[in-house]
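Input: a single structure, listed below in structure tokens.
2 protein chains.
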Amino acid sequence: MSAQELPNMARQIRGGSMLTARYSAASNRLLDGLPPRKRDRFLAECTLVDLALGNILYERGDLIRHVYFPVDSSVSMLAVIDRDRTALEVGMVGSEGMCGHALVLGSDVTPLRALVQGAGTSWRMKAPTFRRQLENVPALHHLLWRYVGVLFGQLAQAAACTRFHVVEQRLARWLLMTQDRSRADSFEVTQEFLAFMLGIRRVSVTIAAGSLQSRRLIRYRRGRIVILNRGRLEAAACSCYRTDLQIYQDGLGARSKFQRALLARATKEGTP
Amino acid sequence: MSAQELPNMARQIRGGSMLTARYSAASNRLLDGLPPRKRDRFLAECTLVDLALGNILYERGDLIRHVYFPVDSSVSMLAVIDRDRTALEVGMVGSEGMCGHALVLGSDVTPLRALVQGAGTSWRMKAPTFRRQLENVPALHHLLWRYVGVLFGQLAQAAACTRFHVVEQRLARWLLMTQDRSRADSFEVTQEFLAFMLGIRRVSVTIAAGSLQSRRLIRYRRGRIVILNRGRLEAAACSCYRTDLQIYQDGLGARSKFQRALLARATKEGTP
DNA sequence: CGCGCTATGTGCGTTGTCGGACAGACGACC
DNA sequence: GGTCGTCTGTCCGACAACGCACATAGCGCG
Numbered sequence: 001m002s003a004q005e006l007p008n009m010a011r012q013i014r015g016g017s018m019l020t021a022r023y024s025a026a027s028n029r030l031l032d033g034l035p036p037r038k039r040d041r042f043l044a045e046c047t048l049v050d051l052a053l054g055n056i057l058y059e060r061g062d063l064i065r066h067v068y069f070p071v072d073s074s075v076s077m078l079a080v081i082d083r084d085r086t087a088l089e090v091g092m093v094g095s096e097g098m099c100g101h102a103l104v105l106g107s108d109v110t111p112l113r114a115l116v117q118g119a120g121t122s123w124r125m126k127a128p129t130f131r132r133q134l135e136n137v138p139a140l141h142h143l144l145w146r147y148v149g150v151l152f153g154q155l156a157q158a159a160a161c162t163r164f165h166v167v168e169q170r171l172a173r174w175l176l177m178t179q180d181r182s183r184a185d186s187f188e189v190t191q192e193f194l195a196f197m198l199g200i201r202r203v204s205v206t207i208a209a210g211s212l213q214s215r216r217l218i219r220y221r222r223g224r225i226v227i228l229n230r231g232r233l234e235a236a237a238c239s240c241y242r243t244d245l246q247i248y249q250d251g252l253g254a255r256s257k258f259q260r261a262l263l264a265r266a267t268k269e270g271t272p
Numbered sequence: 273m274s275a276q277e278l279p280n281m282a283r284q285i286r287g288g289s290m291l292t293a294r295y296s297a298a299s300n301r302l303l304d305g306l307p308p309r310k311r312d313r314f315l316a317e318c319t320l321v322d323l324a325l326g327n328i329l330y331e332r333g334d335l336i337r338h339v340y341f342p343v344d345s346s347v348s349m350l351a352v353i354d355r356d357r358t359a360l361e362v363g364m365v366g367s368e369g370m371c372g373h374a375l376v377l378g379s380d381v382t383p384l385r386a387l388v389q390g391a392g393t394s395w396r397m398k399a400p401t402f403r404r405q406l407e408n409v410p411a412l413h414h415l416l417w418r419y420v421g422v423l424f425g426q427l428a429q430a431a432a433c434t435r436f437h438v439v440e441q442r443l444a445r446w447l448l449m450t451q452d453r454s455r456a457d458s459f460e461v462t463q464e465f466l467a468f469m470l471g472i473r474r475v476s477v478t479i480a481a482g483s484l485q486s487r488r489l490i491r492y493r494r495g496r497i498v499i500l501n502r503g504r505l506e507a508a509a510c511s512c513y514r515t516d517l518q519i520y521q522d523g524l525g526a527r528s529k530f531q532r533a534l535l536a537r538a539t540k541e542g543t544p
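Protein chains in written order, with this note's numbering: chain A, 1 to 272; chain B, 273 to 544.
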């Protein structure tokens with residue numbers, strides 16, 4: 001866990017609308033589900049940190065020391081089996097979510113590895129502080145319960161998706177999910193890394209990515225992928241992409257306009 | 273949801289040690305994690321019902337009307353994709369758990385189908401009553417949080433297992449898990465049904481089950497499977513069986529001697 | 001007893017992915 | 001401008017599981 005710390009904005013510019021303005025440029029959409037004043041009080045206890053590609057926030061079975069609320073970074077949750085050699089991504093967390101959900105359920109060890117797959121910034125809070133916040137701010141606890149419920153549903157979806165859908169569809173879905181979280185049309189990722197996330201061989205990624213590229217849905221070279229045609233990429237992905245958005249909407253939708261917009265677009269543009 | 277109701281024991285024989293004695297024959301091991309008096313008060317609000325093979329307790333997206341605490345029945349949690357045609361078992365609930373976990377997280381719809389895969393009895397409580405109990409009995413809420421955390425970990429494990437392990441190992445694991453929950457050496461299940469749960473073809477089950485039978489680990493005929501040699505069956509299963517027990521232990525272990533005993537036995541007898 | 005339903009067993013070619021090995025190609029850095 | 005490490009592309013055979021079709025066998029029921 002080698003996250004470099006950035007200046008603690010929250011402590012430096014306490015309270016008031018200026019604070020809110022600054023946050024909007026560094027916001028976590030899940031926390032935006034809180035009433036603004038509660039959210040600001042919560043963020044005042046956080047530190048803004050930089051997450052680098054490949055950082056491991058938690059190893060399976062670790063004690064949780066911090067919780068994370070990504071801003072423009074994204075984190076993969078990996079199920080690890082066979083003595084840590086093999087892993088499979090079972091969930092993705094970006095600015096719509098949080099890492100360290102076990103604390104929300106009163107446990108302090110995590111069953112999953114958390115790996116930074118998209119570099120960027122994230123709010124971070126110490127576990128004891130977080131626990132106190134949960135106790136003192138029922139609205140926070142309720143919000144995060146629901147988020148854990150969403151994660152649960154998305155995890156189940158990922159399990160079935162991995163079983164039934166072919167590599168190319170899954171790759172397309174992964175790219176869409178990552179784009180949603182990174183807030184950019186292109187991002188750094190090698191085929192090797194992708195293969196690891198999807199639990200497949202690098203060669204399989206080469207083939208699937210090559211197919212998507214030849215159809216001009218994406219373009220890539222040496223560790224960088226560009227999304228060229230999002231609409232058609234959504235059509236190339238399995239329905240699980242849209243289902244994931246739906247699950248989020250069902251669980252937290254009343255609180256997040258962002259996901260609703262994504263969903264509306266996906267439903268409009270995509271061809272099933 | 274055609275669960276036939278049995279006489280409501282709880283209301284008929286209220287309070288006292290006699291009640292406890294009767295419950296021990298019809299107990300849910302998860303609820304046994306509560307202090308006895310709290311557990312008894314909780315069960316007094318429950319009805320003992322009969323769950324028949326194939327009953328669907330919840331369909332995905334359904335409003336949850338009841339929660340279930342199985343006694344000797346077991347229930348599969350299924351992730352449903354592609355418009356309800358395809359499904360995959362992502363979790364199993366028996367007397368060590370509960371169905372309707374979404375309520376614990378403050379949601380009232382369930383993201384998974386719940387299907388009775390082992391006939392038997394179960395405690396049942398109406399959702400509004402359950403919600404009231406959660407509010408009024410913090411110990412209950414804490415216990416069930418932890419259980420949801422356990423389910424979460426087991427779900428992730430199942431996802432990776434399904435991806436990486438071969439059919440025969442997964443079948444062995446399924447049989448062990450079912451035996452743990454049914455409290456019997458043999459149970460009713462067809463290959464067709466098994467195939468559905470594991471997300472594979474019936475023919476693949478025929479082959480895998482045939483292999484296990486020829487090695488005298490199990491015996492079966494026309495919808496009934498008998499476990500002949502548990503120790504060797506554990507050796508034939510993937511490590512995920514033991515990991516599942518470990519996850520339960522880590523999350524709820526201090527409260528459940530039962531799982532600890534199973535785990536000890538698995539670790540002793542099994543050959544990795 | 002035999003009918004019919006359902007559960008189980010077998011055959012075939014096909015497909016998706018695997019594992020390993022190696023060749024080319026980009027780009028950072030000296 | 002050349003070198004080297006890393007990323008990407010292509011080949012091979014192998015195999016688990018697939019889909020489909022059809023054959024056999026247990027068991028309840030009239």
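Glycine residues also receive a C-beta, built at the ideal position from the N, C-alpha and C atoms.
Note that this is a predicted model, so its numbers are computed, not measured.
Proximal chain B residues relative to residue i, where beta-carbon distance stays under 8 Å
i	result
A/C46	Under the 8 Å cutoff, chain B gives no residues; its nearest Cβ is about 23 Å from A/C46.
A/P35	In chain order: nothing, as chain B lies at least about 17 Å away.
A/I247	P383
As assigned by DSSP and simplified to three states, the class of residue i
i	result
B/P400	helix
A/C240	helix
A/R222	coil
B/T434	helix
B/E407	helix
A/D97	The displayed chain sequence assigns Gly, not Asp, to residue 97 of chain A. A/G97 falls in the coil class under three-state DSSP.
B/A293	Only weak support is given to the placement of B/A293: the predicted model assigns it a pLDDT of 42, under 50, and the value that follows is read from those uncertain coordinates. In this structure, B/A293 counts as helix in the three-state DSSP scheme.
B/R286	Its pLDDT being 32, under 50, B/R286 is placed unreliably by the model, and nothing is read from it.
B/A444	helix
B/D322	strand
A/E89	strand
A/I81	strand
A/L217	coil
Best match in the options for proximity to residue i [C-alpha to C-alpha]
i	options	result
A/L103	A/D82, A/R37, A/V148 and A/A44	A/V148
B/G372	B/P307, B/K398, B/Q451 and B/R445	B/K398
B/A509	B/Q429, B/V438, B/R396 and B/L303	B/V438
B/I336	B/A432, B/L384 and B/P342	B/L384
B/D516	B/G333, B/A430, B/R494 and B/V339	B/A430
A/G61	B/G425, B/T393, B/Q405 and B/T319	B/G425
B/E361	B/S367, B/R311, B/E368 and B/V347	B/V347
A/G142	B/G305, B/A411 and B/E407	Here residue 142 of chain A is His; the residue named in the question, Gly, does not match the sequence. Among B/G305, B/A411 and B/E407, the Cα nearest to that of A/H142 is on B/E407.
B/K310	B/V409, B/A351 and B/R494	B/V409
A/I56	A/G94, A/L252, A/I225 and A/V116	A/V116
B/L484	B/R455, B/M469, B/Q518 and B/Q441	B/Q441
A/T178	A/P35, A/E96 and A/E45	A/E96
B/L303	B/V343, B/Y513 and B/G471	B/V343
B/V498	B/A507, B/A481 and B/Y513	B/A481
A/G223	A/S214, A/T206, A/G199 and A/E188	A/E188
DSSP bridge partner residues for residue i (one or two, in chain order)
i	result
B/F341	B/W395
B/F459	B/I497
A/L109	The amino acid at residue 109 of chain A is misidentified as Leu; the sequence shows Val. The partner list for A/V109 (beta bridge, DSSP) reads A/L63.
A/V150	None; A/V150 has no bridge partner.
B/V347	B/V365 and B/V388
Residue i, enclosing beta strand (DSSP E) - first and last residue
i	result
B/G390	R385 to G390
B/A480	No beta strand (DSSP E) holds B/A480; the alpha helix (DSSP H) holding it covers R474 to S486.
B/A298	Element bounds for B/A298: n/a, residue is neither H nor E.
A/L57	I56 to Y58
Interface residues of chain B facing residue i [CB-CB closer than 9 Å]
i	result
A/C99	By Cβ distance, chain B contributes nothing, its closest Cβ being about 14 Å from A/C99, past 9 Å.
A/G199	A432, R435 and F436
A/F69	Near A/F69 there are no residues of chain B at all, since even the closest Cβ is about 19 Å away, more than 9 Å.
A/F152	H373, A374, L377, P383, L384, V420, L423, F424 and L427
Interface partners of residue i on chain B, CB under 7 Å
i	result
A/S107	R418, G421 and G523
A/A102	G421
A/M142	It is worth fixing the name first, because residue 142 of chain A is His in this sequence and not Met. Near A/H142 (Cβ distances below 7 Å), the residues of chain B are G378.
A/F193	By Cβ distance, chain B contributes nothing, its closest Cβ being about 17 Å from A/F193, past 7 Å.
Segment limits, alpha helix (DSSP H) that includes residue i
i	result
A/L43	P36 to L43
Neighbour list for residue i in chain A, Cβ cutoff strictly below 9 Å
i	result
B/V362	L155, A156, A159 and A160
The ligand MG heavy atom lying under 8 Å from the CB of residue i
i	result
A/A235	Of ligands this structure carries none, so the ligand MG is not represented either.
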